[in-house]
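Beneath this line is the structure, given in structure tokens, with notes to follow.
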Amino acid sequence: MGYRSNLEQILSEGKFAVTAEIGPPKGADPNKIKNKGEIVEGYADAFNVTDNQTAVVRLSSMGGCFILLKMGLEPIMQITCRDRNRLAIQSDVLGAAAVGVKNMLFLTGDHQSFGNHPNAKGVYDLDSIQLIQIVKNMRDNGIFQSGDKILSGNPDVFIGAAANPFADPFELRVDRLEKKIEAGADFIQTQSVFNLDKLNTWMDEVRSRGLDKKTHILPGITPLKSLKMTERMKFHVPGVDIPDHFYDRMKKATDPKDEGYKIALELIKEVKKIKGIRGLHITALFWEDILPELIKESSLYPRP
Amino acid sequence: MIITKQKDFNDLLSLIKDGPVFIVGCSECATLCHTGGKEEVLLMRKDLEKKNIKTTGCIILEPACHLLNDKRLLKEHKKEIDEAKKILVLACGNGVQTVSEIINDTDVISGTDTLFLGEIKRANDFEKRCVMCGDCIQDLFEGVCPVSRCPKSMLNGPCGGSIDGKCEADKEIDCIWDIIYNRLKEKGQLYRFKEIRAPKDWSKSTEMRRVL
Numbered sequence: 000m001g002y003r004s005n006l007e008q009i010l011s012e013g014k015f016a017v018t019a020e021i022g023p024p025k026g027a028d029p030n031k032i033k034n035k036g037e038i039v040e041g042y043a044d045a046f047n048v049t050d051n052q053t054a055v056v057r058l059s060s061m062g063g064c065f066i067l068l069k070m071g072l073e074p075i076m077q078i079t080c081r082d083r084n085r086l087a088i089q090s091d092v093l094g095a096a097a098v099g100v101k102n103m104l105f106l107t108g109d110h111q112s113f114g115n116h117p118n119a120k121g122v123y124d125l126d127s128i129q130l131i132q133i134v135k136n137m138r139d140n141g142i143f144q145s146g147d148k149i150l151s152g153n154p155d156v157f158i159g160a161a162a163n164p165f166a167d168p169f170e171l172r173v174d175r176l177e178k179k180i181e182a183g184a185d186f187i188q189t190q191s192v193f194n195l196d197k198l199n200t201w202m203d204e205v206r207s208r209g210l211d212k213k214t215h216i217l218p219g220i221t222p223l224k225s226l227k228m229t230e231r232m233k234f235h236v237p238g239v240d241i242p243d244h245f246y247d248r249m250k251k252a253t254d255p256k257d258e259g260y261k262i263a264l265e266l267i268k269e270v271k272k273i274k275g276i277r278g279l280h281i282t283a284l285f286w287e288d289i290l291p292e293l294i295k296e297s298s299l300y301p302r303p
Numbered sequence: 614m615i616i617t618k619q620k621d622f623n624d625l626l627s628l629i630k631d632g633p634v635f636i637v638g639c640s641e642c643a644t645l646c647h648t649g650g651k652e653e654v655l656l657m658r659k660d661l662e663k664k665n666i667k668t669t670g671c672i673i674l675e676p677a678c679h680l681l682n683d684k685r686l687l688k689e690h691k692k693e694i695d696e697a698k699k700i701l702v703l704a705c706g707n708g709v710q711t712v713s714e715i716i717n718d719t720d721v722i723s724g725t726d727t728l729f730l731g732e733i734k735r736a737n738d739f740e741k742r743c744v745m746c747g748d749c750i751q752d753l754f755e756g757v758c759p760v761s762r763c764p765k766s767m768l769n770g771p772c773g774g775s776i777d778g779k780c781e782a783d784k785e786i787d788c789i790w791d792i793i794y795n796r797l798k799e800k801g802q803l804y805r806f807k808e809i810r811a812p813k814d815w816s817k818s819t820e821m822r823r824v825l
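Chains A and B supply the protein sequences, listed in that same order. Just so you know, our numbering puts 60 at position 61 of the first sequence, and the rest follows in order with no gaps. Just so you know, our numbering puts 658 at position 45 of the second sequence, and the rest follows in order with no gaps.
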């Protein structure tokens, strides 16, 4: 059978997948992305390009994806609902699909008040679940959100969504995952995992509802690069849960970078053991060059 | 209730620049918000005089958004209005426009910022409840409105940033989706949370249109 993308093939064949994030630069220099792409090439199956992450303006997700495609890397184009309405987003889905983007991940988006343009008006014409359903309907039935028909070429994309297992009440989080799957999410990347107990509790409920069989779940792993980054993520990034024992280790470490790397290795080892997990999503924020070592040492190299 | 906030006095002074000023208040929302009732209008008059800006008079319209009432009431103050170089309106955005429709040969200055349609929780404590979208769908959300009360207007919330029942955009406010979820839970109707709500029909919004 034909697969839409390399990522879909690996997941469908039951192989353990690895995706990794490539953050676009704050500027139009394509070499910034190319250099990152060269470093991580071969160490993950597909690469997320973020869409004005944390509401900070950067080179667009679509532009970044095109650069990766030219290099022969498989991108996952992230699209948020914060900056564009339903016309713009559907148009971008068609445009990116036409150029060869095969994976897309849909998010509601961080609120604009967090970013570098806090005076902006947020759009939020849609939410992530509505957007997933719209793109699935465009792909499978050739219909736009309005009911109007697509005339020449449905966007044949592998649909991704995000999940946060770490916010309470966790039943609500599993309910939302279920809604995303029902809407059409083929794969799920989670918020960065630091709290293994919470991930396990969430996965217990995911498995008891059989949701791990209906989608492919890839927990997020973020190597902590410094104490400053640990504190920023622990105290300021919405939805991230860094337990105190990891925070203490980062505080006491003589080499925080090395400690953060060790923590990431430990987390990967534990997460791989959890039943129902189909891969990992590595977001090495501004530390993409750690990926090769991390993947090799976790016995995830070579990639299929 | 239309919730307003008086502009910063120094900002107002730079908008007014020089007088004389005629001050307009409103008997309804702006009175209850304490931004343009009798008390606030008289205080504004005193404060302006202290800054050597002359005032020719003042009036509390009943209410400022009523065109015919305004015409009648403002006529009684024609002399004071004619003497003024600036009309300062302490009413909502609608009040300012109804006044400028009647007095169109003098500068009309908005003395308040209009914030939202909301609830008076207690004196001077207001909370947003409605964005007047033209298509009320609160029956789907246990009688609360995520369009106006979720900063991302999510109809399938909450987002991943809602932690311990608090909003990602402002930790001081309750996540409206936490409230919806808990109401459903209390009623034993959590199955309704799983229903996917369709994108909102904004064609029913009254943007740029006149109704009735």
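Glycine included, each C-beta is placed from N, C-alpha and C at the ideal position. Here the structure is a predicted model, which means the values were calculated and not measured.
Rounded to the nearest angstrom, how far is the Cβ of residue i from that of residue j, given a contact under 8 Å?
i      : j      : result
A:I276 : A:P218 : 6 Å
B:I792 : A:K178 : Their Cβ separation, rounded to whole angstroms, is 18 Å, which puts B:I792 and A:K178 out of contact at 8 Å.
A:D50  : A:T18  : Rounded, the Cβ-Cβ distance is 15 Å, inconsistent with contact.
A:P222 : A:L150 : Wrong, their Cβ atoms sit about 46 Å apart, outside the cutoff.
A:R3   : A:D139 : Between A:D139 and A:R3 the Cβ distance is about 12 Å, and since that is not below 8 Å, they are no contact.
A:V48  : A:C64  : 5 Å
A:I131 : A:F105 : 5 Å
A:T107 : A:D126 : 5 Å
B:G711 : B:T617 : Just to set this straight, residue 711 of chain B is Thr in the shown sequence, not Gly. With a Cβ gap of about 14 Å, B:T711 and B:T617 do not count as contacting.
A:I343 : A:I267 : Within the shown structure, residues of chain A are numbered from 0 to 303, placing residue 343 of chain A beyond reach of any answer.
Can you list, in chain order, the residues of its chain with a C-beta nearer than 8 Å to that of residue i? Leave out the 5 residues immediately preceding and following it.
i      : result
A:E204 : F169, E170 and V173
A:L68  : P74, V98, G99 and V100
B:N682 : L674, E675 and P676
A:V239 : F165, Q190, S191, F193, M232 and K233
A:P23  : K31, I32, V48, T49, R57, L58, S59, S60, G62 and G63
A:G94  : M61
Just the chain A side, please: which residues come within less than 9 Å of residue i by C-beta, in chain order?
i      : result
B:D777 : A166 and D167
Name the chain A residues whose beta carbon is nearer than 7 Å to that of residue i?
i      : result
B:F806 : D174
Does the Cβ of residue i lie closer than 7 Å to at least one heavy atom of the ligand MG?
i      : result
A:V270 : Ligands displayed in this structure: none; no statement on the ligand MG is therefore possible.
Against residue i, what residues of chain B qualify as contacts under a CB-to-CB distance less than 9 Å, listed in chain order?
i      : result
A:A97  : Within chain B, no residue comes near A:A97; the closest Cβ sits about 24 Å away, beyond 9 Å.
A:R85  : P812
A:A182 : N769 and I809
A:D196 : Per Cβ cutoff of 9 Å: no residues; A:D196 is ~17 Å from chain B at best.
Mind checking which residues open and close the beta strand (DSSP E) that includes residue i?
i      : result
B:L625 : It is not in any beta strand (DSSP E) - B:L625 instead sits in the alpha helix (DSSP H) that spans F622 to I629.
A:V100 : That residue, A:V100, is in no beta strand (DSSP E); it is neither H nor E in DSSP.
B:N717 : It is not in any beta strand (DSSP E) - B:N717 carries neither H nor E in the DSSP assignment.
A:H244 : Note, A:H244: premise wrong, no beta strand (DSSP E); alpha helix (DSSP H) at D243 to K251.
A:I21  : A16 to I21
A:P218 : H215 to I220
A:R302 : A:R302 -> no beta strand (DSSP E), and no H or E assigned at all.
B:I616 : I615 to Q619
A:S191 : F186 to S191
B:C635 : A quick correction: the sequence has Phe, not Cys, at residue 635 of chain B. Looking at the DSSP string, the run of the beta strand (DSSP E) that includes B:F635 is V634 to C639.
Tell me where the alpha helix (DSSP H) around residue i begins and ends.
i      : result
B:D814 : B:D814 -> no alpha helix (DSSP H), and no H or E assigned at all.
B:A643 : C642 to L645
B:P759 : P759 to R762
B:K588 : What the structure shows of chain B is the stretch from 614 to 825, and residue 588 of chain B is not part of that stretch, so it cannot be assessed.
A:F234 : L226 to F234
A:F169 : F169 to A182
B:E740 : Run containing B:E740: none in the alpha helix (DSSP H); it sits in the beta strand (DSSP E), D738 to C743.
A:T49  : Per DSSP, A:T49 belongs to no alpha helix (DSSP H) and is neither H nor E.
A:T200 : L195 to S207
Closer than 6 Å by C-beta to residue i: which residues in its own chain qualify, once you throw out the five before and the five after it? Chain order, please.
i      : result
A:I9   : A16, D44 and P303
A:M311 : With chain A covering only 0 through 303, there is no way to say anything about residue 311 of chain A.
A:K251 : none
A:A54  : D109, Q111, F113 and G114
A:I133 : Q144
B:G747 : K817, S818 and T819
A:A182 : I128, I131 and Q132
A:P29  : I66
Sorted by chain position, which residues of the same chain lie with C-beta nearer than 7 Å to residue i's C-beta, five sequence neighbours on each side aside?
i      : result
B:G897 : Look at the range of chain B in this structure, 614 to 825, and you will see that residue 897 of chain B is not part of it.
B:H647 : E653 and N737
A:F245 : F193 and I262
B:L768 : P759, R810 and K813
B:L645 : M614 and I733
B:L797 : E755, L803, R805 and F806
B:L753 : R810
B:G670 : F635, H690 and E693
Cβ closer than 7 Å: which chain B residues qualify as neighbours of residue i?
i      : result
A:K178 : N769, K807 and I809
A:T107 : K765, M767 and C772
A:S112 : A782
A:Q144 : P812
A:Q190 : G773
Can you pull the chain B neighbours of residue i, defined as C-beta to C-beta under 8 Å?
i      : result
A:L125 : P812
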